[in-house]
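S.K.:
In UniProt numbering, the protein residues as written are 1 to 481.
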């Protein structure tokens, strides 16, 4: 099986082989980012509609007088915006040029990155034209997989029926992405964004998200196992980890309702970024135990992401050390083959040019902590988490089997016996088949000579042959035998 990149189906192991080998010779670990955003333009109306009711916005009303929410980011505002990204609406759009994006992505490729999945959902302003141009520039360094995702918050087509949404998602995998008129195809269904509303069956948003979840799983089945990425956007608070687990169970129950769904091709993101910063030891143990149990029952994949700051107080989020301790427990329980990595970049202030880690966040922050974590996380497990599991997850495309050549049938000339293929047009006469007109005429002469002339055409008896019963009738012959 092959993965489908922006340039078509490829054998990723072969494509990245030389790059990965060069990285290993430099003692760098090849890395696959399964859940990232490169170009994302939300649009002013969408941003205001979504975030004007966000807790961050309201808890920082006093700061709104000192920060222009619509202007460009100023250097003196960086510290404030990094702790409260929603204060600046322009911070929520990754609307850089192709050249700027190339510089940012170099931070990923120069630190081990070999494959990146751009999973910007529909409605969040994915720019496939720019993405194709960027992929062309980075072709020798990076393989890019494009997702076909959906988010209830931003989708202009949120009133689509399940059948319509299935056709939309599956169509971008099978027929090609709309904006590219089929020139490139999606290699992953995702991200499909679900929020706390998925647990509220009676709310309009909950109903919309339930339809989207069902449609995504059905599209996964319809495309014969195209990888499916579900992202849980649960706000970090004291109960968010429990809410995220409840949402996860809802996802798993829906997924298991489809007998042909492949759990090895399901990945869930957001479970780590929803962890509050202050969980007691007992609460953390309970969380890990329940998560491990769900993983054992349904062998899906879990994307490890570090919390991107989206609240005023960074203490709302768990530390890198806490994330690593959860990973250690999951590996100890035998789930090392189900863990993958994602960067989930959402804000300008996360990028290099705004003083953030950019797309080198995993390489420079998480992976060093994993390498120092100790048993049971060893070099083999780190390679699994960084590259091997993701490469296996992204495979789904099976090239059509070559049709078995049809056996050619032959026939033999009734005079000379030469063998001719069935496609060779025969000269036919009175039930005989000949390879040439020459054979036909010669056989006619032989048959004519076997019958007596009846003398019917001229006085010398040189015209018509007498036809005997049971013999071949040639009609009126021309000339004499």
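C-beta atoms are modelled at their ideal positions from N, C-alpha and C, and glycine is treated no differently.
Note down, in chain order, each residue of its chain lying with its Cβ closer than 6 Å to the Cβ of residue 385, except the 5 sequence neighbours on either side.
M.R.: These residues qualify, in order along the chain: 339.
S.K.: Would the beta-carbon of residue 146 fall within 9 Å of that of residue 219?
M.R.: Contact: no.
S.K.: Helix, strand or coil: which one does DSSP assign to residue 371?
M.R.: It is helical.
S.K.: Closest to residue 31 by C-alpha separation, out of 304, 81, 98, would be which residue?
M.R.: Selected option, being the one with the closest Cα: 304.
S.K.: If I'm right that residue 166 touches residue 134 with Cβ under 8 Å, what's the distance once you round it to whole angstroms?
M.R.: That belief does not hold up - the Cβ atoms of residue 166 and residue 134 are roughly 30 Å apart, past 8 Å.
S.K.: Since residue 428 sits in a beta bridge, which residues does DSSP pair it with?
M.R.: Answer is 433, bridged to residue 428.
S.K.: Using the three-state DSSP reduction, which class does residue 458 fall into: helix, strand or coil?
M.R.: Here residue 458 scores only 49 on pLDDT, less than 50, and its place in the model is too uncertain to base an answer on.
S.K.: Evaluate residue 116 with the Cβ neighbour count: other Cβ atoms within 10 Å of its Cβ, from every protein chain shown; 16 or more gives buried, anything less gives exposed.
M.R.: Label assigned to residue 116: buried.
S.K.: CB residue 153 to CB residue 195, shorter than 9 Å?
M.R.: In contact: residue 153 and residue 195 (Cβ atoms closer than 9 Å).
S.K.: What does a CB cutoff of less than 7 Å around residue 250 pick up in its chain, not counting 5 residues either side in sequence?
M.R.: If we look at residue 250 and ignore the five residues flanking it on each side, its Cβ neighbours are 198, 199.
S.K.: Inspect the CB distances between the stretch 338-353 and the stretch 282-294 and report whether three or more fall short of 8 Å.
M.R.: No: fewer than three Cβ pairs fall under 8 Å.
S.K.: Considering residue 154, what are the terminal residues of the alpha helix (DSSP H) in which it resides?
M.R.: No alpha helix (DSSP H) contains residue 154, which DSSP labels as neither H nor E.
S.K.: Within the chosen definition, does the stretch 279-287 reach the stretch 201-212 through at least 3 CB pairs nearer than 8 Å?
M.R.: In short, these stretches do not touch, since the Cβ pair count stays below three.
S.K.: Just to confirm the assignment: which complete beta strand (DSSP E) runs, minimum length 3, are found wholly within the stretch 102-134?
M.R.: Taking only runs of at least 3 residues, the beta strand (DSSP E) segments lying wholly in the stretch 102-134 are 113-118.
S.K.: Between which two residues does the alpha helix (DSSP H) harbouring residue 221 extend?
M.R.: Element bounds for residue 221: 204-222.
S.K.: Among 21, 273, 222, 306, which residue has its Cα nearest to the Cα of residue 235?
M.R.: Taking only the C-alpha atoms, the option nearest residue 235 is 273.
S.K.: Under the three-state reduction of DSSP, which class applies to residue 471: helix, strand or coil?
M.R.: For residue 471, the predicted model reports a pLDDT of 44, less than 50, meaning its position is unreliable and no value from the coordinates is stated.
S.K.: Give the C-beta separation of residue 187 and residue 5 to the nearest angstrom, bearing in mind that I take them to be a contact with Cβ-Cβ under 8 Å.
M.R.: Correct: roughly 6 Å between the Cβ atoms.
S.K.: Relative to the alpha-carbon of residue 128, which residue among 177, 372, 225 has its alpha-carbon at the smallest distance?
M.R.: Among 177, 372, 225, the Cα nearest to that of residue 128 belongs to 177.
S.K.: When the Cα atoms are used, what is the spatial distance from residue 212 to residue 25?
M.R.: For residue 212 and residue 25, the distance between alpha carbons rounds to 44 Å.
S.K.: Along the chain, where does the beta strand (DSSP E) that runs through residue 322 open and close?
M.R.: First-last for residue 322: 320-332, but that is the alpha helix (DSSP H), not the beta strand (DSSP E).
S.K.: For residue 186, which three-state DSSP category applies?
M.R.: Of the three classes helix, strand and coil, the one that applies to residue 186 here is coil, per DSSP.
S.K.: Output the distance between the C-alpha atoms of residue 397 and residue 185, rounded to the nearest integer angstrom.
M.R.: In a straight line, the C-alpha of residue 397 is about 12 Å away from that of residue 185.
S.K.: Can you tell me whether residue 334 is buried or exposed, with buried defined as 16 or more other CB within 10 angstroms of its CB?
M.R.: The residue in question, residue 334, is exposed, as its Cβ has fewer than 16 Cβ neighbours within 10 Å.
S.K.: Just tell me which of 92, 422, 193 has its CA closest to the CA of residue 40.
M.R.: Minimum Cα distance to residue 40 is reached at 92.
S.K.: List the whole-angstrom C-beta distance separating residue 427 from residue 440, where the pair is believed to meet the contact cut-off of C-beta under 8 Å.
M.R.: That belief holds up - the Cβ atoms of residue 427 and residue 440 are roughly 5 Å apart, short of 8 Å.
S.K.: Bridge partners for residue 146 per DSSP, in chain order?
M.R.: For residue 146, which the question treats as bridged, DSSP gives the partners 118.
S.K.: Residue 121: buried (16+ other C-beta within 10 angstroms of its C-beta) or exposed?
M.R.: Residue 121 should be labelled buried.
S.K.: Between which two residues does the beta strand (DSSP E) holding residue 254 run?
M.R.: That residue, residue 254, is in no beta strand (DSSP E); its alpha helix (DSSP H) goes 240-256.
S.K.: Using DSSP's beta-bridge definition, name the partner residues of residue 40.
M.R.: Bridge partners of residue 40: 94.
S.K.: Taking only the alpha-carbon atoms, compute the straight-line gap between residue 330 and residue 381 and give it to the nearest angstrom.
M.R.: Cα-Cα distance, rounded: 11 Å.
S.K.: In three-state DSSP terms, what is residue 407?
M.R.: Note: residue 407 maps to coil in three-state DSSP.
S.K.: Considering only C-alpha positions, which residue in the set 89, 10, 21 is nearest to residue 143?
M.R.: Minimum Cα distance to residue 143 is reached at 10.
S.K.: For residue 366, tell me which candidate among 323, 229, 377 has the shortest Cα-Cα distance.
M.R.: Among 323, 229, 377, the Cα nearest to that of residue 366 is on 323.
S.K.: So which of 350, 71, 193 has the shortest CA-CA distance to residue 83?
M.R.: Nearest C-alpha to residue 83: 350.
S.K.: With C-beta atoms as the reference, is residue 100 less than 9 Å away from residue 353?
M.R.: The answer is yes: Cβ separation under 9 Å.
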